[in-house]
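What follows is a single structure, written as structure tokens, with notes after it.
Have a look at this one:
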């Protein structure tokens, strides 16, 4: 069974810290890796990564993919309390395939 | 509609009863997904519909679970003879095409089985 593994599962940091969240996967076929943020109920899309070494960036968030080593990282700089959420990593093996999620990393940013 | 709509938002039922959960995807979205999220856990894949293709039911945990979709619109997830371990938030998502993995989620249906 191909899995999506995330670490750490939970993390507590202070405002202003920089955090790195990790995601690894075990599939041989691979189309894209995705990051979502879940604050209350509905996860919202952050990034889609398809190529190694190309950083995707949105404000203080950035992400990069390593297809050789089968992992991705999500970085958040200068964290704010509003960044507190569960960050979900997911993979898509091929077009028209189901999207499978990892267990998520629960991030708490304290003032 | 503007977003994915799910109903009911909350459902409390007694063990052994059947429940139906409804999902209205974004108009024009061909792909529809159901996930289950237990408290403090990640999203567990249940079933996936893509256009007129046969659905991928590989995530349904038992034969008490079933889902239908009418064309490219409404979907219903049915849980028969509910058990306490079925208590969870059931999330529905849709996407325009299934080639990118960018999903739009509803707010979920919280099911509590007493």
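Chains as they are written, first to last, in this note's numbering: chain A, 13 to 123; chain B, 158 to 271. Each residue gets a CB set at the ideal place from its N, CA and C atoms; glycine is no exception.
Sorted by chain position, which residues of the same chain lie with C-beta nearer than 7 angstroms to residue i's C-beta, five sequence neighbours on each side aside?
i, result
"residue 72(A)", "88, 89, 90"
Please list, in chain order, all residues of the same chain as residue i whose beta carbon is under 6 angstroms from its beta carbon, the five residues on each side excluded.
i, result
"residue 56(A)", "49"
Roughly how many whole angstroms lie between the Cα atoms of residue i and residue j?
i, j, result
"residue 238(B)", "residue 221(B)", "7 angstroms"
"residue 270(B)", "residue 257(B)", "35 angstroms"
"residue 265(B)", "residue 227(B)", "20 angstroms"
"residue 181(B)", "residue 78(A)", "36 angstroms"
"residue 100(A)", "residue 214(B)", "22 angstroms"
"residue 74(A)", "residue 68(A)", "5 angstroms"
"residue 230(B)", "residue 23(A)", "39 angstroms"
"residue 244(B)", "residue 63(A)", "39 angstroms"
"residue 235(B)", "residue 216(B)", "14 angstroms"
"residue 186(B)", "residue 254(B)", "7 angstroms"
"residue 41(A)", "residue 114(A)", "17 angstroms"
So residue i is in the beta strand (DSSP E); what residue range does that whole segment cover?
i, result
"residue 26(A)", "22-26"
"residue 268(B)", "266-270"
"residue 181(B)", "176-181"
"residue 211(B)", "Here residue 211(B) belongs to no beta strand (DSSP E), and DSSP marks it neither H nor E."
"residue 56(A)", "56-61"
"residue 252(B)", "245-252"
For residue i, which residues in the same chain have their Cβ closer than 8 angstroms to its Cβ, ignoring the five residues on either side in sequence?
i, result
"residue 122(A)", "24, 25, 26, 27, 93"
task = Closer than 9 angstroms, Cβ to Cβ, to anything on chain A: give me those residues from the region 194-210 of chain B, in chain order.
result = For the region 194-210 of chain B, the set of residues with a beta-carbon nearer than 9 angstroms to any beta-carbon of chain A comprises 194, 197, 198, 199, 200, 201, 202, 204, 205, 207, 208, 210, in chain order.
message = Using a Cβ-Cβ cutoff of 9 angstroms, what residues of the region 223-255 of chain B are near chain A? List them in chain order.
response = Per Cβ criterion, the list reads 246, 248, 250, 252, 254, 255.
query = Curious, which full-length beta strand (DSSP E) runs of at least 3 residues does the region 67-95 of chain A contain?
reply = Correct list: 68-70, 73-78, 83-88.
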